[in-house]
Structures are given as C-alpha cells and as structure tokens.
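Step one of this worksheet: look at the structure below.
Protein chains: 2
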Amino acid sequence: MSITVVGSLAFDTVKTPFGSRERMVGGAATHFALAASFFDRVHVVGPVGEDFTDIEMAILSTRATNVDDVERVPGGRTFFWEGEYGWDLNSRETIDTQLNVFEHFDPKLSEASKQCDTLFLANIQPDLQLQVREQCPAARFVALDSMNLWIDIARDALLDVIARVDCLILNDAELRQLTERPNLISAAREVLKWGPSVVVAKQGEYGAALVTADTFFALPAYPLETVVDPTGAGDTFAGGFVGYVTRHLDRPLTSFVFRNAMAYGTALASFNVEKFGTEGVLGLQAAVVRERVEDLQEFTRFDHVDLALERARQPLATSRTDSRSEA
Amino acid sequence: MSITVVGSLAFDTVKTPFGSRERMVGGAATHFALAASFFDRVHVVGPVGEDFTDIEMAILSTRATNVDDVERVPGGRTFFWEGEYGWDLNSRETIDTQLNVFEHFDPKLSEASKQCDTLFLANIQPDLQLQVREQCPAARFVALDSMNLWIDIARDALLDVIARVDCLILNDAELRQLTERPNLISAAREVLKWGPSVVVAKQGEYGAALVTADTFFALPAYPLETVVDPTGAGDTFAGGFVGYVTRHLDRPLTSFVFRNAMAYGTALASFNVEKFGTEGVLGLQAAVVRERVEDLQEFTRFDHVDLALERARQPLATSRTDSRSEA
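Read top to bottom, the protein sequences are chains Y and P. If you're matching positions, the first sequence starts at -7 in our numbering and goes up one per residue. If you're matching positions, the second sequence starts at -7 in our numbering and goes up one per residue.
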C-alpha cells in the first residue's frame, strides 16, 4: 500500500506563550507525512524553493517518505508562514504569508505517486486538489482538508472536488461555514449528501468527531498539561487517520477501522503539539504512540450501570402535597 | 438518601434562532432539581416572589421534589433573566437581569434540607454558598458551580467555599479564569490542591471533562441535530451528575461511578437543550434517559487494534536515497 499527499511544504515562524522559533520546517504535507509514514510508504507532492536544503529534505524523508515529487523550483523561495498564538493557544493571528513557489504550483505526479492506494489532498487551492485527484484514479480512499479562505473565494471549485473524495476532514467552524449549518450533525449530514462517506470535524483541544451515514464517534484530544505549539496538529491528525485507514484497505472500512484511525490521529497530534514544529513527531517511536492510543481508550471508556435510575421505576408521590407530607 | 440544592429560581425570557419564550420557569435550582429528581429525593432552597404561582411550584415539584424551603417573599418579585443566543448557540448576550428577591436572600434550611446526603451549591454569591455549606455538615458529597462574575468580584470568598466542597463543576473558560491557567489539565490540578477531589469542566457542545488525582475522563455532548435552547443545560448536567453520585454514596466513589455520573448528566442535558426551558426534562421517562446513556457508550467506544503500526516495527529504509531506490 502507499499514500500520496499533496500540500504545502513550508518554513514557519511561530510565537507562542512558551517561546518562539524562526523558519522551522513545516507545512501541511510535512506534518501529514511525518505521521502517516508510521503506517505505510508516503509520497509527498509539493513545491519548495532553493532555500529548502538537503537538511529539510532529510526531515521530510523520515521513515522512508518518498520525496521524488518534491519539486525544487530554481530561483524560487519556499512558502512561508508566520503566526502568533494567544494565551490559551485557541486563537492565532497570521502575521505574514508568502506564497512564493506556491503561486505558480502545477502539480505533476510521478507514476509512483499516481499509483497510490490512498490520497490526502491537504489544504491548497481546490482546483489544484481536483487536478491531483484526477491524476490518481485508482486511489481507494481519498481525504481532503480545506480552509475558510477557499470557502470564501473558491466555493464552487471546492464543492467540485469534495464531490470526488471519500472523506472530508475539516475544522469544526469551517464545516459549519461551508454548509451554512450551525449544527455539527446537520453540517456533517449535508456533506454526506455531496459525495463523501466520512466527515471528520476537527475541534482543536476538544478533539474530533466523526460522522458517517450510520455512525457517530467523538474522541477528546489527548489531555496534556504542556501544549507548546499547535501548528500542524490538524495535518498530523490527518496523517495518523489516513495512515491507519491505509493499512486496513484490504478489509471493509467499518466504523471499527475509522474509530481506531481517529485514535491514532489524536495520539499522533498530541506529540506534535508538545514541541515546536516537527520536533515532537520526528524521532517518535511507534510504541509510545500505541501507549497513548491505549490511554485514550481508558480516558473515554465507561461501563454503563443503569441501576442509577431505579428510583424512577418505583411509584412515586408526584404532587407537591404528597412530597410535603413525606418530608 | 436525599439531595439539597440551593440556587436560583427564576423566570427566563429567551430568544434563540429557533424562536422565543417569555417568562418560562427557570433558574439553576429548577433545572438541577428536574434532573436530580430522577435519582433521589431533592430539597430545593431558594427565594421566589409572589409572581411565582402554584403552577410554577408544581413544575418545581416534579418527581416529588420537596419545595418546603422555597421561600415565597411577600410583595417580592422572582429573579428574572433575559438573554439572546447567537447563530450557533455558542454565544449568548444577557439583555436583562433583575435580582429581585435574590438581593436580600438569606438561606435558612429546614432540618430535612440540612440532613441531606449530597448538596449542590448552584451559582449564587459565594458567601451564601458557604453559609449553606456550613448548615449541612453531614453532607457526604458537596458540589459547587460558580461564574465569571464571582471570580471577578468575590474571588476570596469563592476560594473559601471551594476549599469546603468535594467537587467543582465549572465552565471550561471559567475554570481557566479562576486558576489563571490556560491549560485545562493544569487548571484542574490546581483546583485539586485547594480541597476538591473532583473537577468537572463543562465544555458546552463539546461535552465535559472530569479530572481527579488519578483519573481523566472526557465525554462529548450527546449529538443532536436540533438544539433549541441551551439555557439550563449546565445545571441539568449537574443534576444528573450529582443525582447519580447520590445513589452510589454507599459504595466507594470510584472513577466508575463518576464516569456513569458524567454520562447521565450528559444524557439529561441533551433533553434539556432540545426544547425551551424546562419542557425537555419535565415529562421525561427514565427509560429514554437510559437509552441515551447507552448511545453515548456506543458513540465513544473503540476497541484498540495495534496492528496498524506494524510497519514501524520492521527494519526500514530511512535515508532519502534508499526510499528513492525502492520507489
């Protein structure tokens, strides 16, 4: 099995209440690949500039990720993002965005990338996502992320490509904006009518929820006392999610698979946010990821005992007078 | 066993995107009692005015709730709140608050109310909460709610009473404000140092999280396509939570009990938000509550299969060159 991801490769300058870092390797495709590479071979498609050196390329190649389709544009500069997070890390302000080589990006996939079993269309212009989607006709599971900008300025193109994917992975608020439905469940059900069979709403520190035609599943974020830098958490989640699904493509994609995929995505994202940039997931061992998945199972499990309501089964005084006389 | 609650009894005028209602019976103690009364006998302590008629008193007395300590102040008017909710029901604006009889409320508990096994100090002035706490020395489980107003203007009194309770049930954002810690886990652990052994963070549509010295548990809100009026959801949750705990007071209060308590609180709150005011919980049958608890178990359960990461267990090509030659 193999996974192809198309998306941004970037330098990120980030300031959070816990410190700041300049020009770290980042971008949606990078964070996705670092997580998905735990599960299967990943092929990354995206442009970089001459400032993206072999050191950055080595980070991207972690766990044997294939970078043949990373196009180094002569004379170009890599996509750059600068942002600052607020006190509780729930809000962030973009200080600078430089598209650079992304401005004229025209994705051309090698045969190896085209032959992927699963495809992740990270957050880029919807028409580029569609172009990549069409180059991978054999992909058996295709997931897509997007953002408010494209909902605002390229809604029709976005709807076109959404109709061609199996799974939409979107921020909670953006899902509501896209569907113009304030309620999460209505919003997800609306998307299910458009083509996808799986909708995942990312809810930041509250976790994520999954909706299919016949299932609802929600998982909290992994509880951490120290969250340092949330940049890339959503793409790391997507990498774990799509990675897990990829490994199970030969079986029916049941709710069982998607629930575990959510758990692996959530566990991986927790390592991402504990450190700056790619530091948290880069040298990670599979065993500790697995431990956090087991923790998540424990953090969410309850065994229902319905003894609690037995009082309500008994005949009760229900009028005010009765209750007084009994007191 | 019996439960005493002290808190507001109110008339609420509410406008939501789904309609509006004028002067519905409401208030924290009302919503709490309607939920807690499924589990055990509830005693309500709080003041009302002459405008609170026998009709309202009958609603409060649902499922045999004892209203002997509901003080009808001669010539007084009942506490009044008016609010309007935004598009997605996550934000609300208070249009009017009239304290009325609450302005000079001096809680006096009957012997029956003082002899409670569990006590819920709903959101009122912290010094009144403390006064009630001291009148119930035998209570074996005491929970407390509060709000940003008291954190702002009566922080010391609030800390005094928090030190005297077993469980703090607070909105997520207020827990952070109270502890001046932006991180939920740090904030909860800080409160655990002050006296309580259980902290519950209410997270609105994202559910609730529970933290003790040795447990973390999180549960999403019950997924609903139609949410009509969130007023009272938090107090309904607290009623289910404290009610469930009350029925299990004769056993060790383990994580098992608290997790079920969270589930019953969450299920009951979901009925509250589906209709205006008290309409959703008033005529509710125990069996349908139990069904939603079972649904919640299904919505959150996953059985971990760690097969997924087996690729990472095998020796892998890790350099860029290797990955290329393999592709």
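C-beta: ideal position from N, C-alpha, C; glycine also. Please read all numbers here as calculations on a predicted model, not as lab measurements.
Asked	Found
Tell me, which residues are paired with Y/Y77 by DSSP?	Y/R84
Taking beta-carbon pairs under 8 Å, can you tell me which members of the region 172 to 202 of chain Y lie near chain P?	P174, N175, L176, I177, S178, R181, Q195, E197, Y198, G199, A201
Can Y/L167 and Y/A180 be called in contact, C-beta distance under 8 Å?	yes
With DSSP collapsed to three states, give me the class of P/K185.	helix
Report yes if the CB atom of P/D61 is closer than 8 Å to the CB atom of P/V37, and no otherwise.	yes
Between the C-alpha atoms of Y/D314 and P/R55, what's the straight-line distance to the nearest angstrom?	Below a pLDDT of 50, predicted positions are generally treated as unreliable, and Y/D314, at 37, falls in that range; no measurement from the model is reported.
Taking 6 Å as the limit between beta carbons, can you name the residues of its chain near Y/P66, skipping five residues before and five after?	none
Within the 8 Å Cβ cut-off, does Y/T110 reach chain P?	no
With 16 as the cutoff for other CB atoms within 10 Å, does Y/E48 come out buried or exposed?	buried
Establish whether the CB of P/K7 and some CB of chain Y are separated by less than 8 Å.	no
When the Cα of Y/T40 is compared with those of Y/S29, Y/R84, Y/F97, which residue comes out closest?	In the sequence as displayed, the identity of residue 40 of chain Y is Val instead of Thr. When each option's Cα is compared against that of Y/V40, the closest is Y/F97.
Under the three-state reduction of DSSP, which class applies to P/P118: helix, strand or coil?	helix
Return the chain-ordered list of same chain residues with a C-beta closer than 8 Å to the C-beta of Y/S262, the five sequence neighbours on each side being excluded.	A213, Y214, L216, R284
What is the rounded straight-line gap between the Cα of Y/G224 and the Cα of Y/T89?	16 Å
On the three-state DSSP scale, how would you describe P/R64?	strand
Within the region 20 to 64 of chain Y, note down every full beta strand (DSSP E) run reaching 3 residues or more, in order along the chain.	33 to 40, 62 to 64
At the level of alpha carbons, what is the spacing between P/A104 and P/H35?	8 Å
Would you say P/F208 lies against chain Y (beta-carbon separation less than 8 Å)?	yes
Quick one: give me the first and last residue of the beta strand (DSSP E) that P/S338 is part of.	Only positions -7 to 319 of chain P appear in the structure, and residue 338 of chain P is not among them; the question remains open.
Cutting at 7 Å between CB atoms, please list the residues of its own chain near P/Q123, excluding the five before and the five after it.	P99
Closest to Y/G75 by C-alpha separation, out of Y/F268, Y/S189, Y/R33, Y/Q277, would be which residue?	Y/F268
Nearest-angstrom Cα distance between Y/H296 and P/F291?	13 Å
Counting only beta-carbon atoms, is P/T292 nearer than 8 Å to chain Y?	yes
Quick one: what does DSSP say P/E271 is sitting in, helix, strand or coil?	helix
Note down the Cα distance separating P/E182 from P/Q169, rounded to an integer number of angstroms.	12 Å
By the 9 Å beta-carbon criterion, what residues does the region 270 to 292 of chain Y contribute toward chain P?	Q277, A278, A279, V281, R282, V285, E286, D287, L288, Q289, E290, F291, T292
Between the Cα of Y/L1 and those of Y/F229, Y/F24, Y/T204, spot the shortest distance and give me the residue it belongs to.	Y/F24
Roughly how many angstroms separate the alpha carbons of Y/L176 and Y/H240, rounded to a whole number?	27 Å
Check the Cβ-Cβ distances between P/R316 and every residue of chain Y, and say whether any is below 8 Å.	Note that P/R316 scores 34 on pLDDT, short of 50, meaning its location in the model is unreliable and no value can be drawn from it.
Please report whether the beta-carbon of P/V(-2) lies at a distance below 8 Å from any beta-carbon of chain Y.	no
Would you mind sorting Y/S243 into buried or exposed? The rule is 16 or more other CB atoms within 10 Å of its CB.	According to the sequence displayed, residue 243 of chain Y carries Arg and not Ser. It is exposed - the Cβ of Y/R243 has fewer than 16 other Cβ atoms within 10 Å.
What number of angstroms, rounded off, separates the C-alpha of P/G(-1) from the C-alpha of P/A114?	5 Å
Using a Cβ-Cβ distance cut-off of 8 Å, determine whether Y/V297 contacts chain P.	yes
Can you pull the chain Y neighbours of P/A255, defined as C-beta to C-beta under 8 Å?	F294, H296
Using Cβ-Cβ distances below 8 Å, what residues of the region 66 to 82 of chain P are close to chain Y?	W79, D80, L81
Take P/R312 and list the residues in its own chain whose beta-carbon comes closer than 7 Å to its own, dropping the five residues that flank it on each side.	Unreliable placement is indicated for P/R312, whose pLDDT of 36 sits below 50; no coordinate value is reported for it.
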